[in-house]
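Colleague: Numbering of the sequence shown is given in our numbering, commencing with residue 815 and proceeding in unit increments.
Note that CB positions come from ideal geometry on N, CA and C, so glycine has one too.
The structure presented is a predicted model; accordingly, all values stated were derived computationally and were not measured.
Attaching a single structure in structure tokens format; questions to follow.
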Amino acid sequence: MVPDTTITPPDRKRLAIIVASATAIAAILFVGVVLPAEFGKDPIGVGKLTGLSKLAAPKEEVVTTAPADQSVARYTTTAYRSDVIDIPLNTADAGRGGEELEYKVRMKTGDSLVYSWSVDGVTVPEEFYSDFHGESPPSPKVKVIEYRQATGTSSSGSLIAPMDGIHGWYLQNQSAKAVVVKLRISGFYQLVPPGEPGNKAKILPKASS
815 MVPDTTITPP DRKRLAIIVA SATAIAAILF VGVVLPAEFG KDPIGVGKLT GLSKLAAPKE
875 EVVTTAPADQ SVARYTTTAY RSDVIDIPLN TADAGRGGEE LEYKVRMKTG DSLVYSWSVD
935 GVTVPEEFYS DFHGESPPSP KVKVIEYRQA TGTSSSGSLI APMDGIHGWY LQNQSAKAVV
995 VKLRISGFYQ LVPPGEPGNK AKILPKASS
């Protein structure tokens, strides 16, 4: 006798329940697991509770805002200005000390300037000497701070005044020809009036703005 191997299919109602249950489970898994973990979306809050949302969250970098460094950002009450100054220097042979002089500007602590100067008339750099420095007011003694001593026919740079006082250059022509130093300054400073310390030679600017 051959055994009966006929398989009885489930009825349509039961099949519909199975399909609906599988679809519901898939939907729950997609909304509760896939969306939070892969796309960072958590419409029902399961990702937050289970920690799955963190898998899709970008890494955050904490940036601390520090107070502005006084050496980087400064405020001053000194007016901004620019000047072009021609400084003539004679030769030592001409006498009367016309081969050397000092030209400075007045600055307060923290004030800044940029400068550039060149010498017309000197072909040998070693024949022109400059001493860039600052002097405090006499109270009771004058304090001198050296910035740069060099020979050469040009120089460019900047300065943040380390103290109240006059700041600038001692210039000396050691060549056999009269020369003119063309100085350009921009920044926060005041010109020293002609005849006062720092401008004994009574130099006036060629142009100012």
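(1) Can you tell me which of the three DSSP states V837 falls into?
(2) In terms of alpha-carbon separation, which member of R962, K1014, V1006 and S1022 lies closest to G911?
(3) Among S950, E941 and I980, whose alpha-carbon lies nearest the alpha-carbon of L927?
(4) The beta strand (DSSP E) spanning V938 covers which residue range?
(5) What does the Cβ neighbour count give for A1024, buried or exposed, with the cut at 16 atoms within 10 Å?
(6) Between which residues of its own chain and F946 is the CB-CB distance below 6 Å, once the five residues before and five after are set aside?
(7) Below 8 Å between beta carbons: does that hold for A990 and T905?
(8) Assuming S968 is part of the beta strand (DSSP E), what are its boundary residues?
(9) Given a threshold of 16 other Cβ atoms within 10 Å of its Cβ, counted over all protein chains shown, does L1018 qualify as buried or as exposed?
(10) Does DSSP put A990 in a helix, in a strand, or in coil?
(11) Does the beta-carbon of D773 have 16 or more other beta-carbons within 10 angstroms, so that it is buried, or is it exposed?
Modeller: According to the structure shown:
(1) Before going on, a small fix: residue 837 reads as Thr here, not Val. Reduced to three states, the DSSP call for T837 is helix.
(2) Sorting R962, K1014, V1006 and S1022 by C-alpha distance to the C-alpha of G911 places K1014 at the top.
(3) I980
(4) Counting along the chain, V938 falls outside any beta strand (DSSP E), and DSSP gives it neither H nor E.
(5) A question about residue 1024 goes unanswered here, because the residues of the chain that appear run from 815 up to 1023.
(6) Y961, R962 and W983
(7) Taking 8 Å as the Cβ cut-off, A990 and T905 qualify as a contacting pair.
(8) S968 to I974
(9) exposed
(10) DSSP, read as helix, strand or coil, puts A990 in coil.
(11) A question about residue 773 goes unanswered here, because the residues of the chain that appear run from 815 up to 1023.
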